[in-house]
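Before any comments, here is the structure.
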Amino acid sequence: MTLASDVRTDAGLGSTGLADDLQALYARAKAAVGDEDLAHIRNVTAYGRAIDARRRELLREGGPRAIRRATALEMAYRLMQFSELGHNIIHGSYDHLPDCGEYHSDHYRWDFNVDVDHWKTMHHVGHHPNTNIVGRDHDLGYSILRGSAGQDWYGHHLGQVALIS
Numbered sequence: 308m309t310l311a312s313d314v315r316t317d318a319g320l321g322s323t324g325l326a327d328d329l330q331a332l333y334a335r336a337k338a339a340v341g342d343e344d345l346a347h348i349r350n351v352t353a354y355g356r357a358i359d360a361r362r363r364e365l366l367r368e369g370g371p372r373a374i375r376r377a378t379a380l381e382m383a384y385r386l387m388q389f390s391e392l393g394h395n396i397i398h399g400s401y402d403h404l405p406d407c408g409e410y411h412s413d414h415y416r417w418d419f420n421v422d423v424d425h426w427k428t429m430h431h432v433g434h435h436p437n438t439n440i441v442g443r444d445h446d447l448g449y450s451i452l453r454g455s456a457g458q459d460w461y462g463h464h465l466g467q468v469a470l471i472s
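Numbered per our numbering, the sequence shown spans residues 308 to 472.
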C-alpha cells in the first residue's frame with residue numbers, strides 16, 4: 308500500500324505539498340475523534356437494538372399493518388447497521404481509542420448480509436483505490452440511481468428523472 312507520505316515528485320525531491328497537507332488533515336481529523344464519538348456510536352447501537360426488538364414484536368403481532376411497519380423498521384435497522392455503524396467501525400474510525408472494545412475494526416461483527424472480512428477486502432482493495440472509476444469501482448451501480456453513462460441502464464432508472472427534477 309502506498310501512503311501519501313511515500314509519494315515523491317518527479318524530481319525525487321521528497322513528498323509533495325499536497326501529500327503533506329493531506330497527512331496533516333488526516334492527523335487532525337483522527338485526533339478529533341474521541342470519547343464523545345464513542346458515546347455516540349454506543350447510543351446508535353442501543354437505538355438500533357431497540358428498533359430491531361420492536362420489529363420482532365411487530366412480526367409476532369402479525370397482520371398487514373404490523374408487517375408493513377416491521378418492514379420499515381427492518382430497512383432502518385439494516386441501513387443503520389451498514390452505514391452509521393459498520394462502515395465507520397470497520398474502516399477503523401475508533402481503533403486508536405483505548406476504550407473502543409467491541410468497536411475496534413478487528414473485533415466488530417455486524418448484523419448484515421456481508422462477512423466483515425470479505426467487506427474489508429472488497430471495500431478497501433476494490434472500492435477506495437478506484438472510487439467512481441467506471442468499470443473498476445464495484446460500488447457504482449449498486450443503487451437505484453445511475454451515476455454515469457458507463458453504468459448499465461435499466462427501466463427503473465426512469466424514476467431518477469422525477470427525483471432530480
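For every residue, glycine included, the Cβ atom is placed at its ideal position computed from N, Cα and C.
Please read these numbers as outputs of a predicted model, since none were measured by experiment.
Which same chain residues end up closer than 6 Å to residue i when comparing Cβ atoms and leaving out the 5 residues on each side of it in sequence?
{"i": "residue 399", "result": "412"}
{"i": "residue 475", "result": "Nothing in the structure corresponds to residue 475, since the chain is present only between 308 and 472."}
Which residue comes first and which comes last in the alpha helix (DSSP H) that contains residue i?
{"i": "residue 330", "result": "324-339"}
{"i": "residue 381", "result": "371-386"}
{"i": "residue 423", "result": "423-428"}
{"i": "residue 358", "result": "342-368"}
Could you check the C-alpha separation between residue i and residue j for me, to the nearest Å?
{"i": "residue 418", "j": "residue 344", "result": "21 Å"}
{"i": "residue 395", "j": "residue 372", "result": "34 Å"}
{"i": "residue 310", "j": "residue 393", "result": "Interpretation of residue 310 is limited by its pLDDT of 45, a score under 50 that renders its predicted location unreliable; the figure taken from the coordinates is listed afterwards. Going from the Cα of residue 310 to the Cα of residue 393 covers about 24 Å."}
{"i": "residue 368", "j": "residue 374", "result": "9 Å"}
{"i": "residue 355", "j": "residue 386", "result": "10 Å"}
{"i": "residue 328", "j": "residue 370", "result": "57 Å"}
{"i": "residue 435", "j": "residue 426", "result": "12 Å"}
{"i": "residue 421", "j": "residue 469", "result": "32 Å"}
{"i": "residue 351", "j": "residue 337", "result": "20 Å"}
Is residue i buried or exposed, if buried means 16 or more other CB atoms sit within 10 Å of its CB?
{"i": "residue 482", "result": "This structure does not reach residue 482, given that the chain is present from 308 up to 472, and the question cannot be answered."}
{"i": "residue 365", "result": "buried"}
{"i": "residue 333", "result": "exposed"}
{"i": "residue 461", "result": "exposed"}
{"i": "residue 388", "result": "buried"}
Skipping 5 residues on each side, what residues in its chain have a beta carbon closer than 7 Å to that of residue i?
{"i": "residue 362", "result": "377, 380, 381 and 384"}
{"i": "residue 319", "result": "Confidence in residue 319 is poor, its pLDDT being 49 and thus under 50, which makes the residue's placement unreliable; the coordinate value appears in the next sentence. There are no such residues."}
Which same chain residues end up closer than 8 Å to residue i when comparing Cβ atoms and leaving out the 5 residues on each side of it in sequence?
{"i": "residue 342", "result": "404 and 406"}
If I'm right that residue i touches residue j with Cβ under 8 Å, what's the distance once you round it to whole angstroms?
{"i": "residue 397", "j": "residue 423", "result": "6 Å"}
{"i": "residue 348", "j": "residue 415", "result": "Not confirmed; about 10 Å, so no contact."}
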